[in-house]
Structures are given as structure tokens and as C-alpha cells.
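Novice: Encoded as C-alpha cells, here's the structure I'll be asking about.
Protein chains: 2
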Amino acid sequence: MNTAQAQLGAVLAAGGPELSRLLKRTEGRLAEVAEGHGAELGGHATGTLAAGGKRLRPLLVFLCAASGGDGRLVAAATAVELLHMATLVHDDVLDRSELRRGRPTVFAQGGRLAATATGDLLFSRAFAELVSTNSEEAVRVLSAASSALARGELMQRADAWRGDVTPERYLERCRHKTASLFEASCRLGALFGGEADLSDPLGNFGDRVGLAFQMLDDVLDVSGPTERTGKPRGADLLDGTVTLPLILARGRDPGLRELDLRGTVTDPARAAAVCDRIALTGALDEARRQALTHVADAKTSLVALDLSEDRRRALDLVADGVVERYA
Amino acid sequence: MNTAQAQLGAVLAAGGPELSRLLKRTEGRLAEVAEGHGAELGGHATGTLAAGGKRLRPLLVFLCAASGGDGRLVAAATAVELLHMATLVHDDVLDRSELRRGRPTVFAQGGRLAATATGDLLFSRAFAELVSTNSEEAVRVLSAASSALARGELMQRADAWRGDVTPERYLERCRHKTASLFEASCRLGALFGGEADLSDPLGNFGDRVGLAFQMLDDVLDVSGPTERTGKPRGADLLDGTVTLPLILARGRDPGLRELDLRGTVTDPARAAAVCDRIALTGALDEARRQALTHVADAKTSLVALDLSEDRRRALDLVADGVVERYA
């Protein structure tokens, strides 16, 4: 059992049998959605959905709900996971990725057209799933997240190769690209758990955790090791994505400041060399430290809320799990 | 003034000043959406939205509403147009199209990544727009259409190059790919026009008109002329899309039945030659005749409904406009 599995085990133990039951129902619902929409989708999406993943977002939905009795929670958990998958499928087209989680991607199996359409279909099904809850507020939360995800991608594109990306701009991008769906998951949990008044504070918790998640992911891209990430170090550098480690390192090393990624960092060996140089500035430690601050803030913010001990502990474990994943 | 403009003029005249006012408000709202979502989207989407188009789907929303007093109609019209645009932006990425309506596409301006994300954002904004109506039924209608559009694309992909596509399968594909959003537009109009009971019959009207729209588009791809379509004849043949003219022609000309598109129809000259051969079988006339039957059925179906004379006439004009466009 690896660390991530151990961590999930601890969360499940803290969440009790009710949590396991809800997660199982979500898996069932995801499979139904994949199988229920025509033979064409069936093939592609079943592979994508079955490939699994951590189901971190559904987990947040359930843990942010005071009680698990409401069937709408499963619909919300299914919806956030479908939306997450839609973005993965589109990302794989854009990155021309052949494998994800050890399985062929929709792009690899069906090509660009099938993968783009599959992503669009998963997007639509996310909304359809949530409509079944009869909650306009829920659809509003999901569409805000969905817009934010797309804006985050656009911001990343607009920032590509640039030398003047500020830490603030980087954080804003992470908020859009990643944290928005973590936040939405928590809000939906609060909403359907009968505590709409906790939507803001729990949403804020999700935002912080999501932010740390993306920041640590970006550190890992520079630090490696490759066996862990399944991709060469500095993949972000190669496609021009300017992340916090590079931004901080540029402030410390004039040589990096003058480096124009485009045209010079064009192969994995060159990218690895730049990664080493970034690491030498201490920027990785600083970026990691900033991410951990967000996790600590997230956990602290829970203390002021009126949550049961079990619930708070489970949420703490998820926050820690994000860090653990990158330890 | 060309025929299409004259036709629109007639529809507007039949619809009265109220219709013009609603269409103007929709344009305003589309511009707000484009400008209101960050500089990144602003640039790309403003171009796409400003490029205009016929606004056929918003028109259907308004004409299917008994009264135009409800602000939710504009939200619905904006939503269907945003969804339509989202699919166009993604189509342009897949087809690597540089121009649409005489303007550079988002793909041409921003590349694959920006265009995919812009499409996703327009998708999201379509749902966000509809959420403002506080109607779950409306979100349900839009998500059904959105899923159908994506399924239609997947079906088209699955059918590519095949020799055994039946007319029934072809019609099912057109229903998904095109007619579903026409149908949704009509349903939303009925819903917000205060006549939810007309949602089925008016939805059926939209379905028929949308079906004819796609069928005539497919005829035009074979018949040309190129000056009219802005693309070489037989573009569908070149990318393996099997449409009704080819299906019917295969039943009449054994040579076409044995023709394997892939590998043989690889350049515009070859495609044009196959188009000529399809035309010789009379398949174009037959396909056109079938499309016109759907338009006639659509118009006939209105007679049984309790619509004002003006409204029925305006809807008739839209149905005729679809034919006119290809006359």
C-alpha cells in the first residue's frame, strides 16, 4: 500500500461507512452515465471513467456535508467528477497525451475529434446530473467553476513564455484553473448537507486546498523525480507554462531572468538543466513553503466552524493528503 | 440585398418591433458576456461573437414565445447562441479552419489551446446565462441539447468512411448534431412565453426545421457552387463524412457502392469527380425532396396549434428561409 492509499484509508476511516457508501454510489452513477449515452460515448468514456483517479472532488463534496442522507449529494459528486474528467479529456487532446493513469487516453483511442466531442459530452452530462437536484444555486456554483476552469486555461495560454508573470498573476491562474472546482465541490457539499450558511467558509477551505494542490504539482514538475510524475522534469518549461518556482528563481538568479524559454528550452535535457538551476536558487523550497501555508490556513479556518470532530478530522486529512502526495 | 437578408427582413416585419427589440437585446447581452470574462476571453470571443451569423436560434426562441415581455427569453436566446458558438469554435479547431464568416477563427488567432478553452468557456457561459432564469426545466432542455450535439459529433466520427451507414442512421445523426439545438430553442421559447404546453409541438417544429437545415447543407456540400459555400465541393467526402446524397447514390450506382472513400478520395479534384457522379444518380434531388418534406411537415404541424396569425406566419417564414438559403 502506498502513501496515497494509506491516506485515503485514513480519510475513509474517519468518514465512516456512510462515506464509503456514498463514494460507491458515485462510482456506480459515473458508470451509468458512461454506459447510458450511446455506444460511441460508451467506449471512450467508460475507459476514462474506469481509469479511476483519486475522486478527491467527490470526497470533498461528501466531507463538507453534515449528513449523507441526501441523494443530491451523489448527483453533485458525480457532476464535479464529470466536469473534472471533461477537462482532463480536453487537456489530453491539447497535450497529445497517449496515456493517463496507465491507460490509453480518449485521444489515443479515438483521435482529436472523438476526444473533443467526448469532453464536450462529459461537460454537458455534468450539468445534466446537477439539474436533477432541482437546485439553481447548485447549477450556478458549477457553471461558475466551469467558467473559471476555462478562464484558467486561457490565462495560462496568454501567459505562456512570458518573463513578466507575477506571483499574484500565477496565484490567480491557479485559483481559476484548479482551486475553483475544489471550492465548488465544498460549496455543493455544504449546500446539500443542509448547511448553506457554511458554503462560503467551506468554499474557502476548498479554494486553499486546491491552490496548494496546484502549487505542489508545479513544484513536482521541476523537482521530479520522473518515476513519480510519469513525465520528464520541466514539462511545464517545455510548453512555456511559467509557474511559481521559475518566477521566484528569476528574482534570485539574473541568468534565469534573462533566459528566454522559447527557442532555448527546446528539449528534455535543456529543460532538466533549467530545473536544476531553479532548484539551486532555493525557489522550490519557497514555493513549497507557500503551498504549505495555504494548507495550514485551510485547516485553521475549520476550527472556527461548528463541525463535528470526525468531520473536521476527515477534512484535515484531505488537506494533509494533498501535501502527502507530494512529500 | 441578398435573398437571406430579404428573408430575415420578412421575418422581422412579421414579428414586429418587439422582435427587433429582443434581437437587439440579445446582441447586447452576447457582447456583455464576451467582454465580461477577462481580457483573454475578451479578445477571442468578441471576435467570434461579433462575426455575427444569422442568429437563427435566438429568432426561434422569440418566435415560439407568445409574448416577448419576459426578460428570461433574452437569457434563453443568448444561451442557445452561446452554445452554438461553442460548437463552432471547437469545430474550427478540429477542421483547422482559418476563416469563418470572413473573419479569422479563434483557432487561427489563438491556436488550439486557446480555441479549445474558449469553446469550453462559451459552453459554461451558456449554462450560466440560463441559470439566471431560475428555471430547472430550461437548464434541463439546454443540457439535453448540449449532450445531443456532442453525441452527434461522436456518431459522425464513428460513421466516418463507412459503407454501411443507413438513411435512418444518417437522420439520427442530423437530429443529434443539428436539430437538437433548434428543438431546444423552440422549447425554451414556449416555456418562457408562458405556454409550456406548446413545448412538445413547437419543439417538434424546431426538430423538423433543423433536420432540413442539416440535410440541405449536406446537399450543398455536393452540389456547390464553391462561391456559395466558401469551401471546395465534396469537403464532407474528403473528411469521410457519409451524408444522405452519397448514401442514396450508393443504392443507385454500384460503382459508388464499391468506392472506398478512404485512400481514393484524397484530393479536391477527386472529390469533385465523386460529387458529379453522385449528382448523376439523381440522389441530390431525392435528398432535397426529403428535406423539403420535413419543412412542409413542420409548417403543417403549426396549423393545429392555437397561434396568432402573425406568429404562425413568422415561423413559416423561418422554415421557408431554411430552404431559401439553399435554393
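Residue numbers (this note's numbering), protein chains in the order written: chain X, 1 to 327; chain F, 1001 to 1327. Glycine included, every Cβ here is placed at the ideal spot set by N, Cα and C. It should be emphasised that the depicted structure is a prediction, and the values quoted were computed from it without experimental measurement.
Given that a residue counts as buried once 16 or more other Cβ atoms are within 10 Å of its Cβ, and exposed if not, what is E1227 of chain F?
Specialist: Flag for E1227 of chain F reads exposed.
Novice: Give me the Cα-Cα distance between F127 of chain X and D285 of chain X, rounded to the nearest whole angstrom.
Specialist: 40 Å
Novice: With 8 Å as the threshold, decide whether the Cβ of E81 of chain X is near any Cβ in chain F.
Specialist: no
Novice: At the level of alpha carbons, what is the spacing between R1055 of chain F and A1079 of chain F?
Specialist: 12 Å
Novice: Taking the alpha-carbon positions, what's the R1257 of chain F to A1249 of chain F distance?
Specialist: 8 Å
Novice: Check whether the stretch 68–87 of chain X and the stretch 18–38 of chain X are in contact - that is, three or more C-beta pairs closer than 8 Å.
Specialist: yes
Novice: May I ask you to list the residues that DSSP assigns as paired with L1099 of chain F?
Specialist: F:P1104
Novice: Using a Cβ-Cβ distance cut-off of 8 Å, determine whether D316 of chain X contacts chain F.
Specialist: no
Novice: Within the 8 Å Cβ cut-off, does G16 of chain X reach chain F?
Specialist: So, not an interface residue.
Novice: Is there a C-beta anywhere in chain X that falls below 8 Å from the one on R1173 of chain F?
Specialist: no
Novice: If you follow the alpha helix (DSSP H) that T967 of chain F is in, where does it begin and where does it stop?
Specialist: As shown, chain F starts at 1001 and ends at 1327. That puts residue 967 of chain F outside it, with no answer to give.
Novice: Are the beta-carbon atoms of L1130 of chain F and A1117 of chain F separated by less than 8 Å?
Specialist: no
Novice: Consider the Cβ of G1009 of chain F: report whether some Cβ of chain X lies at a distance smaller than 8 Å.
Specialist: no
Novice: Any contact of the stretch 184–193 of chain X with the stretch 1152–1163 of chain F, i.e. 3+ C-beta pairs under 8 Å?
Specialist: no
Novice: I'd like to know whether the C-beta atoms of I1278 of chain F and V1165 of chain F end up nearer to each other than 8 Å.
Specialist: no
Novice: So which of F:A1066, F:G1016, F:G1009, F:E1032 has the shortest CA-CA distance to D1197 of chain F?
Specialist: F:A1066
Novice: Taking beta-carbon pairs under 7 Å, can you tell me which members of the stretch 1150–1183 of chain F lie near chain X?
Specialist: A1150, R1151, E1153, L1154, M1155, R1157, A1158
Novice: Measure the C-alpha to C-alpha separation of R1103 of chain F and V1089 of chain F and round it to an integer number of angstroms.
Specialist: Looking at the two C-alpha atoms, the distance is approximately 13 Å.
Novice: Would you mind sorting E1032 of chain F into buried or exposed? The rule is 16 or more other CB atoms within 10 Å of its CB.
Specialist: exposed
Novice: Helix, strand or coil: how does DSSP classify E195 of chain X here?
Specialist: coil
Novice: Quick one: residues in its chain with C-beta nearer than 8 Å to the C-beta of D70 of chain X, no 5 flanking neighbours on either side, listed in chain order?
Specialist: F192, G193, G194
Novice: Along chain X, which residues have their Cβ under 7 Å away from the Cβ of S1143 of chain F?
Specialist: S124, F127, A128, V131
Novice: If you draw a straight line from the alpha carbon of P167 of chain X to that of L244 of chain X, how long is it in whole angstroms?
Specialist: If you draw a straight line from the Cα of P167 of chain X to the Cα of L244 of chain X, it comes to about 6 Å.
Novice: Roughly how many whole angstroms lie between the Cα atoms of H1294 of chain F and L1302 of chain F?
Specialist: 13 Å
Novice: In the DSSP assignment, find the unbroken alpha helix (DSSP H) run with G263 of chain X in it and report its ends.
Specialist: 261–264
Novice: Among the residues of its own chain, which have a CB less than 7 Å from the CB of T241 of chain X, if the five just before and after it don't count?
Specialist: Q156, A160
Novice: Quick check on DSSP: helix, strand or coil for D1316 of chain F?
Specialist: Correct three-state label for D1316 of chain F: helix.
Novice: CB Q1214 of chain F to CB A1158 of chain F, shorter than 8 Å?
Specialist: no
Novice: Please identify the residue among X:L94, X:V219, X:L59, X:S124 whose C-alpha is closest to the C-alpha of K82 of chain X.
Specialist: The identity of residue 82 of chain X in the sequence shown is Leu, whereas the question assumes Lys. Cα-wise, what sits closest to L82 of chain X is X:S124.
Novice: Start and end of the alpha helix (DSSP H) containing D1236 of chain F?
Specialist: For D1236 of chain F, the enclosing alpha helix (DSSP H) begins and ends at 1235–1238.
Novice: Once the 5 residues before and after T133 of chain X are set aside, which same chain residues still bring their CB inside 6 Å of it?
Specialist: R72, A75
Novice: Find out if the Cβ-Cβ distance for the pair V1318 of chain F, L1060 of chain F is shorter than 8 Å.
Specialist: yes
Novice: Quick check on E1324 of chain F: does DSSP put it in helix, strand or coil?
Specialist: helix
Novice: Mind pulling the alpha helix (DSSP H) runs of 4 or more residues that sit fully within the stretch 1139–1227 of chain F?
Specialist: 1167–1174, 1180–1192, 1199–1223
Novice: Nearest CA to the CA of L1292 of chain F: which residue from F:V1323, F:D1310, F:T1281, F:L1307?
Specialist: F:V1323
Novice: When burial is assigned at 16 or more other CB atoms within 10 Å of the CB, is E98 of chain X buried or exposed?
Specialist: Exposed, by the Cβ-count rule.
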